[in-house]
Structure formats: C-alpha cells, structure tokens
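Participant: Pasting a structure below so you can have a look.
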Amino acid sequence: MKKGYIFFLFFMVAGLYAQPPAVPIPTPAQTKKIVLTGGTAHTGTGKVIENSIIVLEGGKITAIGNAQTVKPDTKDAEVFNISGKHVYPGFISAGTAIGLSEIAAVRATQDRNEVGELNPNVRSLIAYNTDSEVIPTLRSNGVLMAQVAPQGGIISGQSSVVQFDAWNWEDAAYKTDEGIWLNWSQMFTYEGWWAEQGGIKLNEKYGEQVDAVKAFFTEAKAWCQTGNHPEENLKMEAMCGLFSGQKKLYVNVNYVKEIVDVVNFAKTFGLQLVISGGADAWQAADLLKENNVSVIINQTHNLPNRDDDDYDLPYKLPKLLQDAGVQYCLTVGAGFDAYWQQRNLPFQAGTAAAFGLTREQALQAITLNAARILGIDKTTGSLEEGKDATLIVTEGDVLDMRSSNVQYAFIQARQIDLDNKQKALYRKFMGKYGLMPQKD
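Just so you know, we're using numbering that gives the first Met the number 0 here: the sequence shown kicks off at 0 and counts up by one.
This is how it looks when you write it as structure tokens:
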C-alpha cells in the first residue's frame, strides 16, 4: 500500500512538471544590444518613420530613425529584420482592475473592492497578482503596462502603474501610489440594466452625499496642514499627497452636471483632476480645457447613455475631445468584466479612428496620451531616444482586429513570451481534430 502511494505521488508530481507554466516566466534583463531594422515605426507622437532602424541598449531606445541616415554598429548585436512589419509603443491601460480580479464568478479571486466607504489608504499595488493568467492575454495584443486601480466605496484607494513582466508586485511597480480614486455620486439613478433599461429617478440625497465628501476632504486638508499628530492616521496620511500635488485625483463620473460639480470641487481644494468615464465630457469640453482636466474615456465599444443621444456618440467621443483640445486617453472601462477585456484596447482605438481620429491620433490615445495623464511620459509612451524600450512589432495594422498579429514584444528591451493559456487551448483542440494550420 505504501509503495503504491509513493508511485502515485511520483507520477502526479512528474505530470505537474511536464505541464508548461500557465504564466510565462519573466525575462532576464537585457545583456545584448538589439537592432530592429526595416519596419515602419509609429512613434506615438504622430510621426511615422518608414524603413526605420531602432537600437535597444540597457533597456532603453538609444537610437531611432530612417535606416538610410541612422547607421548603428551592429557588431555583437541581435538584429531583427522586420521589413514589412510595424513597430508601435507598448499600449498602456488606465484605470483597470487587472491583477486584482481573476475569475468573476469566484469571490476568492476578487480583490478590487475594499470593505468600507472611505479608503484612501488602500494600496492596490500590494494586492496586484503578477501570476494572473489574464495578463498574458493582454500582452499578446500589445498591452504591456497598466494603471491598476481599486474600485468600490466612495474613496476606493490608491492606484499604481505596473509593467507586465515581473516576478512580484515590487518587481512590477513602475510608478507607485500615483493617485486616489473617488466614485462621485449620481444626480440621477438609472433603473434596470443595459438589456432592459428602466426609468430615471432623481437622487434626493445627492447634495447630502456630495457634502459628506467635501467634509472629508476639508478635514483631510486641515489634518495635512497641521504639524504634529499624537496618533497615526493612515487615511489622512494617504490624502496629503493630493493637497501637495504629488498625487492626482481620479473621479469616476459621466454626466455633465456632475462633471461640472467635480471640476468645481477640485478647484476648491486645488487638486489635479482626471475624469474617468466622461460620457458627457464633450458637453463640458471648454470647462475641462480651461481647468486642465484630462479624461480617461471608458469604452468606445458602448451604447449611448440616453435614448436621444447619437447612436455613434461613444465611437466619436474621442474625436469630439480631440477637436476641443481636451487631453484624453482610452481604456476599456472598470466594469466587472473590463479587466480581461483590456486585451481589446487597440481595437477600441481602431473604432475611434473609424469615427474621426487619424490612426496616429488613435494610437496616441493608448500610448503617449495615457503616459502623460499617468505622469510617466518622460520615460515611456512613445518611441523616442532615451525612453524605455517598451514596444511591439506586428504584422498588419495593430488597430484592426482582422489583420493585427503581434510578432514580438519588448518591455524595457526584454523580449517577452507572447504565449498564453487561450493560445495553448487553441493549439490543443485544433490539434485534437487535425485542424491546426500548417506553417509555410
């Protein structure tokens, strides 16, 4: 009996080791110069370089330009001939619960909502799971960085920016605790759900709810301006970065009257404000521009909020803000399933391009614009000399789901594995029925 038990354990362990890892192993730091030559480089600044050459050294882009004018030393370098392919900056997903949510139906894998209503001291970064099986599916489509944000309550907590090639949350951290997230009250509540919409009901407690938020911020500002405190107060300490300008305030809000209230609220306390959602932001564009308020647009692939809205309003909202001079970026929202849908971020940008933006403007909305809003544009977000070598190489147009095919991806010049569980399952069952396409 004992011998049989030992054999059982042996074969079980052997079977586990025979399985490929569900999550790709992080790549070691770059040790060898990499040269990408011949591709079309879309820099994220609006500039396109045909027949480009890009040199990656020490995790940075050390040279970029036309191959006819830039002649780097390729001795001892790993050279990628990418003629006919396209190079883009790695995409940045803002305001997402990636790494905090894994399986929507399993409560134990949901770590995005903290207990309580006022939680500015909650740090999403320390709950970020680098072993999430969702992250590789985002990397496969070119999303290489994200702002991981908490949800729930009135003040949800602090967000941080991470890169998607890491052993643990300390390794992943790119910009730590850079903002606090606030869920603004709704003046009107919309009953029903998207498939069976109900009526509109006035929120009679709107003023009371807003006053409660103002009271908390007033107390926090006074606490931060006071010198010595006999007792530690984690909630108040977390708020001090807002009033010193070290942190931004991200507010989930959609409707125009509420947007106006949020802008006036931020002005009262002297805060750096970013609107998340912003479905009606186009109606308050002048106010947003005047007060230097940025917008994180949630989901271009969406339905209009009102029966009398233009059917294509969510698709053309980026164009409306572009024309108004309001700084914005795109994300896939913060709904219960939005974390895994971030893989569709480039295609959301593609829809914006089909409804008014140029393709380079649409690209900028998920690269450099996002980096600017998150305060990381000095080191990432575009293909420029001196910035991190975080980029992708694709066949076809990366904004078009019909032709996009990410061939290579680099995070700080580390070439990452683009495999994921979904691809493995595809190969498994296509192989079972002999349907796997033959390589040329």
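No residue lacks a Cβ here, since even glycine has one placed at the ideal position from N, Cα and C.
Based on Cα-Cα distance, which residue from E101, T129 and S159 lies nearest to V441?
Facilitator: Because the chain in this structure spans residues 0 to 439, residue 441 falls outside the shown range and cannot be described.
Participant: From this set, H300, R305 and V259, which residue's C-alpha is nearest N350's C-alpha?
Facilitator: Here residue 350 is Thr; the residue named in the question, Asn, does not match the sequence. Nearest C-alpha to T350: H300.
Participant: In the DSSP assignment, find the beta strand (DSSP E) that holds L124 and state where it starts and stops.
Facilitator: Here L124 belongs to no beta strand (DSSP E), and DSSP marks it neither H nor E.
Participant: Helix, strand or coil: which one does DSSP assign to G197?
Facilitator: Three-state result, G197: strand.
Participant: Which same chain residues, not among the five before or five after Y16, have their C-beta less than 8 angstroms away from its C-beta?
Facilitator: Because Y16 carries a pLDDT of 44, less than 50, the predicted location of this residue cannot be relied on, and no value is offered for it.
Participant: Going straight from the alpha carbon of D164 to that of G197, what length do you get?
Facilitator: Between D164 and G197, the C-alpha separation is close to 44 angstroms.
Participant: What distance in whole Å lies between the Cβ atoms of G45 and Q363, which are believed to be in contact at a cut-off of 8 angstroms?
Facilitator: Contact flag correct, Cβ pair sits at about 7 angstroms.
Participant: Alpha carbon to alpha carbon, what distance is there between H85 and W166?
Facilitator: Rounded to whole angstroms, W166 to H85 spans 29 angstroms at the Cα level.
Participant: Can you give, in chain order, each stretch of the beta strand (DSSP E) that sits fully within the stretch 74-147 and has at least 3 residues?
Facilitator: Counting only runs of 3 or more, we get 77-80, 85-88, 90-95 and 142-147.
Participant: Provide the residue span of the beta strand (DSSP E) that contains G191, from first to last.
Facilitator: Segment F187 to W192, the beta strand (DSSP E) holding G191.
Participant: Just to confirm before moving on: does the CB-CB distance between I296 and Y249 stay below 9 angstroms?
Facilitator: In this structure, Y249 does not lie closer than 9 angstroms to I296 by Cβ.
Participant: For A337, is the classification buried or exposed, using 16 other Cβ atoms within 10 angstroms of its Cβ as the cut-off for buried?
Facilitator: That one is buried.
Participant: Per the DSSP calculation, R413 is bridged to which residue(s)?
Facilitator: I410.
Participant: Rounded to whole angstroms, how far is the Cβ of I60 from the Cβ of L382, which I believe are closer than 8 angstroms?
Facilitator: Contact flag correct, Cβ pair sits at about 6 angstroms.
Participant: Can you tell me whether DSSP reads E177 as helix, strand or coil?
Facilitator: Residue state, collapsed to three classes: strand.
Participant: In the DSSP assignment, what are the bridge partners of V255?
Facilitator: In the DSSP output, where bridge partners are listed per residue, V255 has none listed.
Participant: With DSSP as the reference, label A369 as helix, strand or coil.
Facilitator: Reduced to three states, the DSSP call for A369 is helix.
Participant: Considering only heavy atoms of the ligand HEM, does any lie closer than 8 angstroms to the CB of Q224?
Facilitator: Inclusion of the ligand HEM in the displayed structure is not the case, the ligand content being empty and no account of it being possible.
Participant: Please classify Q340: does DSSP put it in a helix, a strand, or coil?
Facilitator: Of the three classes helix, strand and coil, the one that applies to Q340 here is helix, per DSSP.
Participant: Measure the Cβ-Cβ separation of F40 and I48 and say whether it is below 9 angstroms.
Facilitator: Sequence inspection shows Ala at residue 40; the Phe mentioned does not correspond to that position. Yes; because the gap between Cβ atoms is below 9 angstroms, this pair is in contact.
Participant: Compute the beta-carbon to beta-carbon distance between A22 and D130, rounded to the nearest angstrom, for a pair I have assumed lies under 8 angstroms.
Facilitator: Per the sequence shown, the amino acid found at residue 22 is Val instead of Ala. Indeed they touch by this definition, with Cβ atoms about 5 angstroms apart.
Participant: Go to Q157, then tell me how far its beta strand (DSSP E) extends in each direction, as first and last residue.
Facilitator: That run of the beta strand (DSSP E) goes I154 to Q162.
Participant: Could you give the first and the last residue of the continuous beta strand (DSSP E) run that contains K234?
Facilitator: Premise fails: K234 lies in the alpha helix (DSSP H), L233 to S243, not in any beta strand (DSSP E).
Participant: Would you check if there are 3 or more beta carbon pairs closer than 8 angstroms linking the stretch 92-102 to the stretch 206-215?
Facilitator: Counting Cβ pairs under 8 angstroms, fewer than three are found: no touch.
Participant: Measure the beta-carbon distance from Q298 to Q341 and round it to whole angstroms, keeping in mind my assumption that it falls under 8 angstroms.
Facilitator: Actually they are not in contact, since the Cβ atoms of Q298 and Q341 sit about 11 angstroms apart, beyond 8 angstroms.
Participant: Say whether the stretch 368-380 touches the stretch 102-113, bearing in mind that this needs 3 or more beta-carbon pairs closer than 8 angstroms, one atom from each stretch.
Facilitator: Contact fails: fewer than three Cβ-Cβ distances are below 8 angstroms.
Participant: Let me confirm a value: G14 is counted as buried when at least 16 other C-beta atoms fall within 10 Å, else exposed. Which label applies?
Facilitator: Because G14 sits at a pLDDT of 45, beneath the cut-off of 50, its placement in the model cannot be relied upon, and the following sentence gives the value as read from the coordinates. It is exposed - the Cβ of G14 has fewer than 16 other Cβ atoms within 10 Å.
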